[in-house]
Amino acid sequence: MLKHVLLIVTMGLFIGCASTKTTRVGQFANLEPQEGLVALEVINNTGSLTRDIRQWDEVVVIRVDNIEQIRTEAIAFAKKMHAKKKSVLEFDENTVMWDPEVYQLQPLPTGTLSTQVFFGKMPAGRYIIRRFSGSFSNSNYQAWFTKPVEEMGGFFSVKPKTLSDLGAMVYQPMGSAHEEGTSYSYVARLPRVHQLSDFVQDAYPKLAAQLTGTSFSGWDTHFLDHFRQDLGEMSRQNPYMTKTLSSDSQGSGALVGKLGQIKRVQQGKWYSDAVPSNAEVTSMLQLDTLQLVGTEQGGVYLKTNAAASWQSLSPIAMTESVIGLVHNGQSFFALTKEDKAFKIYRFAQPTASWELLKRMEIPRSAPLPIMLVTPAGLNVYAHYAVHRYDLSSNQWRSERMNTLSKIIAVGEGKWLAIEIDAGHTFYTPDYGVTWINTHRPQALLLGSMAHEYKLPTIQGDRLISIEGFADPADSSLVPKILIRVASRPMSLVMTGENTPWQQHGLVKEGCAELLAAISTQEKLYARCENGSIVSSSTMGRVWENEIRVDLTKLLQQYEQFVDDLKADNASKP
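Shown next as structure tokens:
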């Protein structure tokens, strides 16, 4: 029976175009007596699914406990119709088209950045996840991307008036992080580190109040569960790092990213750490005596120099993501995202309660706001405006300006930023009072390359960047572009004039994204397309490996899972 169901679900044998039933719920939805809730986290351990598709639109689920009943009833009905027609052809039940029950889980729009929580209500029964689906469309073309899941996830159950907490699953490509539709990828369940029931309670309190049963994991047990967990753990060991945090004068910086992972670099040596969460680390503050980390779903974690483990704090609801943490020497400040709303908080100590200073709304399509400390208080850059907070007067003042998509501090009051409309890079020496165009090479604005719209850095008295230059040996109308390390004296940058850049060494192939925030006075760091990190102390003439993403081991583990699954299916009658 199990093998027959798997073949039907996986291969789609003789199944018609099933109509998909939505599971969407609102804040005031009611649960029917035989309905339960389902919650699932999906984490993409990559920068994007394809060039244009960043996240999934839906999780498609098939009910399997009534498949035989639906099939039998469809065959009986078809047989009856065949008899009425008095056809001379022999009736063949294998040609009968029938539809299983198919349901569509959609993501909640709140509490996360790249992690997605899929949530909905479904009839009590037994199910399997058919696939993840994502799409993109504009005036020029449409694109779709799907990933079959099926036995990679296994079967799960839904009980009446109960939450089936499926925990987290990771989508792991095993090729270039920017390669579209890579042939090898897997989906695996992750070890449970927190309960989704807490997130559901914060997001849908009225719906959660209707639950009468105790939340349970939902997943059926299976002898291959340890392989599923091993694959998930492999992804945790090879996380995609999404954000860089500025180096200090001692050469200390950090990469933070998916699956709660942190990689710190101090004086050229790397140290790995992780907060107790599968959520993406979205902010981090390093002081002499402590580290404070913010994540999606309201996660805030504290580690002091005297402590060996992370202390979990709960200052805000799980419907907010902590996207910024700063300290001005007196107070701490946090910037959070909740659906379309952004909030700015102040607190005296990491363990103290948070005071709300400001709430603002910007379009979902706009870049995330950026918060920086100034001598007077704060500057918050958000969607064609800068909001200045004066700590002494407790007053806000807003000014209109072009939207900045990225900003890093490269010294006291010295910032580098990218303006979103034209992609120009600007430098300010005075906490954002004046901005100077750095006039990066025009190749930046042509083509589509990994180095585009990435911030430069400053080493000594020179602005350093990774740029594209026409190959002097190529005399064709459209010459080959060479990606090189390039520099320009800051004295020329300060004039605001467009003067030539000096070209240095070529970047390592596929490693053209300069990590300006963790680059130091002695060493440049760059990210490769597969997520690995390389460095150069010679302006690009020689590159060394710093962090390797072990795709080969990921692939071997996945192939072992597939072989064992095939052997298990072959052994069943």
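Read in the working numbering, the sequence shown has 497 at position 474, and its numbers run on one by one without any break.
Built from N, CA and C at the ideal position, the CB exists for glycine as well.
It should be emphasised that the depicted structure is a prediction, and the values quoted were computed from it without experimental measurement.
(1) Could you pull out every residue in the same chain whose Cβ sits closer than 6 Å to the Cβ of residue 236, ignoring the five residues on either side in sequence?
(2) Pull up the distance between the alpha-carbon of residue 268 and that of residue 299, whole angstroms please.
(3) Using only alpha-carbon positions, find the residue among 461, 560 and 477 that is nearest to residue 513.
(4) Within the continuous beta strand (DSSP E) that includes residue 506, where are the two ends?
(5) Excluding five sequence neighbours on each side, which residues of the same chain lie with their C-beta closer than 8 Å to the C-beta of residue 541?
(6) What residue range does the beta strand (DSSP E) around residue 90 cover?
(7) Helix, strand or coil for residue 204? Go by DSSP, reduced to three states.
(8) Taking 8 Å as the threshold (C-beta atoms), are residue 346 and residue 391 in contact?
(9) For the alpha helix (DSSP H) containing residue 220, name the first residue and the last one.
(10) State the CB to CB distance for the pair residue 336 and residue 374, rounded to an integer number of angstroms; the pair is presumed to be in contact (CB under 8 Å).
(11) Go ahead and label residue 536 buried or exposed: buried means 16 or more other beta carbons lie within 10 angstroms of its beta carbon, across all protein chains shown.
(12) With DSSP as the reference, label residue 331 as helix, strand or coil.
(13) If we ignore side chains and look at the alpha-carbon of each, how far apart do residue 418 and residue 412 end up?
(14) Distance, Cα to Cα, residue 263 vs residue 582?
(15) With respect to the beta strand (DSSP E) encompassing residue 410, which residues constitute its N-terminal and C-terminal limits?
(16) Roughly how many angstroms separate the alpha carbons of residue 606 and residue 410, rounded to a whole number?
(17) Only counting the same chain, and skipping five residues up and downstream in sequence, which positions put a Cβ closer than 8 Å to that of residue 485?
(18) If you follow the alpha helix (DSSP H) that residue 259 is in, where does it begin and where does it stop?
(19) Using the rule of at least 16 other Cβ atoms within 10 Å of the residue's Cβ for burial, across every protein chain shown, is residue 341 buried or exposed?
(20) Determine whether the beta carbon atoms of residue 48 and residue 230 lie at a separation below 8 Å.
(21) Is residue 590 helix, strand or coil by DSSP?
(22) Report the residue ranges of all beta strand (DSSP E) runs contained in full by the stretch 129-181; include only those spanning at least 3 residues, in chain order.
(23) Out of 250, 454, 436 and 431, which has the shortest C-alpha to C-alpha gap to residue 448?
(24) If you draw a straight line from the alpha carbon of residue 468 to that of residue 501, how long is it in whole angstroms?
(25) Sorted by chain position, which residues of the same chain lie with C-beta nearer than 6 Å to residue 145's C-beta, five sequence neighbours on each side aside?
(26) With distances taken Cα to Cα, identify the nearest neighbour of residue 212 among 179, 83 and 226.
(27) Please name the residue or residues paired with residue 567 in a DSSP beta bridge.
(28) Determine whether the beta carbon atoms of residue 80 and residue 157 lie at a separation below 8 Å.
(29) In or out: residue 301 buried (at least 16 other Cβ within 10 Å) or exposed?
(30) Among the candidates 450, 415 and 140, whose CA atom is the shortest distance from the CA of residue 222?
(31) What did DSSP end up calling residue 397 once you bin it into helix, strand or coil?
(32) Should the stretch 74-92 be called in touch with the stretch 128-136, which here means at least 3 C-beta pairs below 8 Å?
(33) Leaving aside the five residues before and after residue 207 along the sequence, list all residues of the same chain whose C-beta is less than 8 Å from its C-beta, in chain order.
(34) Should residue 508 be labelled buried (16 or more other beta-carbon atoms within 10 Å of its own) or exposed?
(35) Using C-beta distances below 6 Å, list every residue in its chain close to residue 531, excluding the 5 sequence neighbours before and after it, in chain order.
(36) Mind checking residue 488: buried by the 16 CB within 10 Å criterion, or exposed?
From the atom records:
(1) In the sequence shown, residue 236 corresponds to position 213, counting from 1. Once the five neighbours on either side are set aside, the close Cβ partners of residue 236 are 182, 184 and 185.
(2) In the sequence shown, counting from the first residue as 1, residue 268 sits at position 245. In the sequence shown, counting from the first residue as 1, residue 299 sits at position 276. Distance between the alpha carbons of residue 268 and residue 299 is about 20 Å.
(3) Here residue 513 is taken as the residue at index 490 of the sequence shown, counted from 1. Minimum Cα distance to residue 513 is reached at 461.
(4) Here residue 506 corresponds to residue number 483 of the sequence shown, with the count starting at 1. Where residue 506 is concerned, the enclosing beta strand (DSSP E) stretches over 504-512.
(5) Residue numbering aside, residue 541 sits at position 518 when the sequence shown is read from its first letter. If we look at residue 541 and ignore the five residues flanking it on each side, its Cβ neighbours are 267, 268, 269, 270, 276, 277, 278, 288 and 548.
(6) For the purposes of this step, residue 90 is identified with residue 67 of the sequence shown, where counting begins at 1. Counting along the chain, residue 90 falls outside any beta strand (DSSP E), though it belongs to the alpha helix (DSSP H) covering 90-108.
(7) Position 181 of the sequence shown holds residue 204. Here residue 204 scores only 42 on pLDDT, less than 50, and its place in the model is too uncertain to base an answer on.
(8) Along the sequence shown, one-based indexing puts residue 391 at 368. Along the sequence shown, one-based indexing puts residue 346 at 323. Yes, the Cβ-Cβ distance between residue 391 and residue 346 is below 8 Å.
(9) Position 197 of the sequence shown holds residue 220. Per DSSP, residue 220 belongs to the alpha helix (DSSP H) from 219-226.
(10) Numbered from its first residue, the sequence shown carries residue 336 at position 313. Numbered from its first residue, the sequence shown carries residue 374 at position 351. Residue 336 to residue 374, Cβ: 7 Å. Contact.
(11) Here residue 536 refers to the residue found at position 513 when the sequence shown is read from its first residue. Under this definition residue 536 is a buried residue.
(12) Taking the first residue of the sequence shown as 1, we reach residue 331 at position 308. It is coil, neither helix nor strand.
(13) The count along the sequence shown starts at 1 and reaches residue 418 at position 395. The count along the sequence shown starts at 1 and reaches residue 412 at position 389. Going from the Cα of residue 418 to the Cα of residue 412 covers about 6 Å.
(14) Taking the sequence shown and counting its residues from 1, the one referred to as residue 263 is at position 240. Taking the sequence shown and counting its residues from 1, the one referred to as residue 582 is at position 559. Approximately 22 Å, taken between the alpha carbons.
(15) If you number the sequence shown from 1, residue 410 lands on position 387. Looking at the DSSP string, the run of the beta strand (DSSP E) that includes residue 410 is 408-413.
(16) The question about residue 606 has no answer, for the chain in this structure spans 24 to 596.
(17) If you number the sequence shown from 1, residue 485 lands on position 462. Once the five neighbours on either side are set aside, the close Cβ partners of residue 485 are 510, 511, 512 and 513.
(18) Along the sequence shown, one-based indexing puts residue 259 at 236. Unbroken alpha helix (DSSP H) run through residue 259: 248-260.
(19) As a working note, residue 341 is residue 318 in the sequence shown. Buried: at least 16 other Cβ atoms inside 10 Å.
(20) One-based indexing of the sequence shown puts residue 48 at position 25. One-based indexing of the sequence shown puts residue 230 at position 207. Yes, these two residues count as a Cβ contact at 8 Å.
(21) Translated into positions along the sequence shown, residue 590 becomes position 567. Correct three-state label for residue 590: helix.
(22) 139-146, 148-160, 165-171 and 178-181
(23) In the sequence shown, counting from the first residue as 1, residue 448 sits at position 425. From the listed residues 250, 454, 436 and 431, the smallest Cα separation to residue 448 is found for 431.
(24) For the purposes of this step, residue 468 is taken as the residue at position 445 of the sequence shown. For the purposes of this step, residue 501 is taken as the residue at position 478 of the sequence shown. Any answer about residue 468 is weak, because its pLDDT of 41 lies below 50 and its placement is not dependable; what the coordinates show is given next. C-alpha separation (whole angstroms): 15 Å.
(25) If you number the sequence shown from 1, residue 145 lands on position 122. The residues 46, 61, 126 and 181, in chain order, have a CB closer than 6 Å to that of residue 145 in the same chain once the five nearest residues on each side in sequence are set aside.
(26) Position 189 of the sequence shown, counting from 1, holds the residue named residue 212. When only C-alpha atoms are compared, the closest one is 179.
(27) Along the sequence shown, one-based indexing puts residue 567 at 544. Residue 567 is bridged to 558.
(28) Numbered from its first residue, the sequence shown carries residue 80 at position 57. Numbered from its first residue, the sequence shown carries residue 157 at position 134. It is a contact, given that the beta carbons lie within the stated cut-off.
(29) To locate residue 301, count along the sequence shown from 1; it is residue 278. Residue 301 comes out buried.
(30) Here residue 222 refers to the residue found at position 199 when the sequence shown is read from its first residue. Considering only alpha carbons, the answer is 140.
(31) Mapped onto the sequence shown, residue 397 falls at position 374. Residue 397 falls in the coil class under three-state DSSP.
(32) yes
(33) Within the sequence shown, the letter at position 184 stands for residue 207. These residues qualify, in order along the chain: 196, 197, 198, 578 and 581.
(34) Your numbering for residue 508 matches position 485 in the sequence shown. By the neighbour-count rule (16 or more Cβ atoms within 10 Å), residue 508 is buried.
(35) In the sequence shown, the residue the question calls residue 531 occupies position 508. Cβ within range, chain order: 557 and 566.
(36) Working through the sequence shown from its first residue, we reach residue 488 at position 465. Classification for residue 488: buried.
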